[in-house]
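**Student:**
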Amino acid sequence: MTDTGTIRGKVVVITGGARGIGLATATALHRLGAVVAIGDVDESAVKNSGAAGDFEHYGRLDVTDQQSFASFLDEVERQLGPIDVLINNAGIMPTGRVVDEPDAITRRILDINVYGVVLGSKLALARMLPRRSGHIINIASLAGETHLPGLATYNASKHAVLGFTDTLREEYRGSGVSASSVLPTLTNTELGSGVNAPKLLRAAEPEEIAAAVVKLLLAPRAKVRVTTTAGVISQVVGMLPQSWGDAIGRALGSQRAFLDDVDAAARKAYEDRVRE
Numbered sequence: 001m002t003d004t005g006t007i008r009g010k011v012v013v014i015t016g017g018a019r020g021i022g023l024a025t026a027t028a029l030h031r032l033g034a035v036v037a038i039g040d041v042d043e044s045a046v047k048n049s050g051a052a053g054d055f056e057h058y059g060r061l062d063v064t065d066q067q068s069f070a071s072f073l074d075e076v077e078r079q080l081g082p083i084d085v086l087i088n089n090a091g092i093m094p095t096g097r098v099v100d101e102p103d104a105i106t107r108r109i110l111d112i113n114v115y116g117v118v119l120g121s122k123l124a125l126a127r128m129l130p131r132r133s134g135h136i137i138n139i140a141s142l143a144g145e146t147h148l149p150g151l152a153t154y155n156a157s158k159h160a161v162l163g164f165t166d167t168l169r170e171e172y173r174g175s176g177v178s179a180s181s182v183l184p185t186l187t188n189t190e191l192g193s194g195v196n197a198p199k200l201l202r203a204a205e206p207e208e209i210a211a212a213v214v215k216l217l218l219a220p221r222a223k224v225r226v227t228t229t230a231g232v233i234s235q236v237v238g239m240l241p242q243s244w245g246d247a248i249g250r251a252l253g254s255q256r257a258f259l260d261d262v263d264a265a266a267r268k269a270y271e272d273r274v275r276e
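For the sequence shown, counting from 1, position 50 maps to 50 in the UniProt record's numbering; every step adds exactly one.
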């Protein structure tokens with residue numbers, strides 16, 4: 001059995017922690033004895049989730065606002081002590097053809113999914129580097145290793161997260177601070193509502209992503225893909241000639257999964273919320 005004792009007492013901050021992967025990760029780490037702080041731009045939701053989970057700190061956090069992010073981390077350190085782990089999880093995934101995507105939504109995706117990760121990582125590094133200790137985990141996506149019609153800007157944002165995190169890992173090698181990426185497949189959360197996984201694949205459960213984060217904290221590595229099957233397919237397709245990889249994607253249904261096959265009614269509540 002894996003010894004999870006090294007997680008006990010670690011101060012962990014999770015962005016986008018009010019629901020989905022963020023909340024599942026907060027719950028898993030809290031059960032293992034971590035001191036957990038969750039932040040989310042949805043103040044009502046984060047307060048409800050924080051109280052229900054009995055987390056040590058919770059409150060509103062806008063990852064696109066430097067003052068909001070810095071103040072949140074400052075308050076966590078005042079209340080709970082030095083931050084050991086930052087999990088940049090906040091992200092949004094509007095679907096649709098890019099030509100129909102309002103510029104405000106394009107900017108919103110990039111602000112949250114990319115700038116929020118860069119900003120959070122910089123703020124965490126400023127705290128962790130002097131202590132020569134810490135771990136930054138950025139929740140990317142298998143979409144960051146491929147191209148999925150209907151998710152052009154989201155794909156771009158996750159490619160950026162992977163490139164940024166890999167660069168951090170090398171830039172601060174030997175500093176005592178680790179940087180890792182988690183690459184989930186389509187996951188059964190509100191973000192994936194109304195979308196069916198391509199053929200031969202299944203959607204992951206948020207608890208599976210949480211388990212991957214736990215493993216990263218116990219044994220840091222560059223990246224982990226969830227599910228294993230989806231991760232293997234992504235890596236194999238990435239090594240094939242482009243025409244072959246594209247043909248496999250079409251055969252699996254990825255050409256339609258985030259466009260014509262989306263259940264618009266089932267997805268409406270999520271799309272409305274992230275487009276506000």
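For every residue, glycine included, the Cβ atom is placed at its ideal position computed from N, Cα and C.
So His-147 is in the alpha helix (DSSP H); what residue range does that whole segment cover?
**Tutor:** Where His-147 is concerned, there is no enclosing alpha helix (DSSP H), given that its DSSP letter is neither H nor E.
**Student:** Could you check the C-alpha separation between Arg-132 and Gly-174 for me, to the nearest Å?
**Tutor:** Taking the straight line from one Cα to the other gives about 9 Å.
**Student:** Return helix, strand or coil for Leu-61, following the three-state DSSP convention.
**Tutor:** The answer is coil: DSSP assigns Leu-61 none of H, G, I, E or B.
**Student:** Give a yes or no on whether the minimum CB-CB distance between Thr-227 and chain D is below 8 Å.
**Tutor:** Of the chains in the structure shown, none is chain D; there is only one protein chain.
**Student:** For Val-236, is the classification buried or exposed, using 16 other Cβ atoms within 10 angstroms of its Cβ as the cut-off for buried?
**Tutor:** Per the 10 Å Cβ criterion, exposed.
**Student:** Whole angstroms are fine: how far does the CA of Leu-252 sit from the CA of Gly-5?
**Tutor:** Roughly 41 Å separates the two Cα atoms.
**Student:** Between the Cα of Ala-90 and the Cα atoms of Leu-217, Ala-140, Asp-74 and Val-224, which residue gives the shortest distance?
**Tutor:** Here the closest residue by C-alpha is Ala-140.
**Student:** Just reading off the beta strand (DSSP E) that Arg-225 is part of, what are its end residues?
**Tutor:** Its beta strand (DSSP E) spans residues 223-226.
**Student:** I'd like to know whether the C-beta atoms of Met-258 and Gly-150 end up nearer to each other than 8 Å.
**Tutor:** The displayed chain sequence assigns Phe, not Met, to residue 258. Yes, Cβ-Cβ distance for Phe-258 and Gly-150 is below 8 Å.
**Student:** Report the start-end ranges of each beta strand (DSSP E) in the stretch 22-91 that is 3 residues or longer and not cut off at the edges.
**Tutor:** Whole beta strand (DSSP E) segments, 3+ residues: 35-40, 57-60 and 85-88.
**Student:** Going by alpha carbons, who is nearest to Lys-268 out of Val-85, Gln-79 and Thr-95?
**Tutor:** It is Thr-95 whose Cα lies nearest to the Cα of Lys-268.
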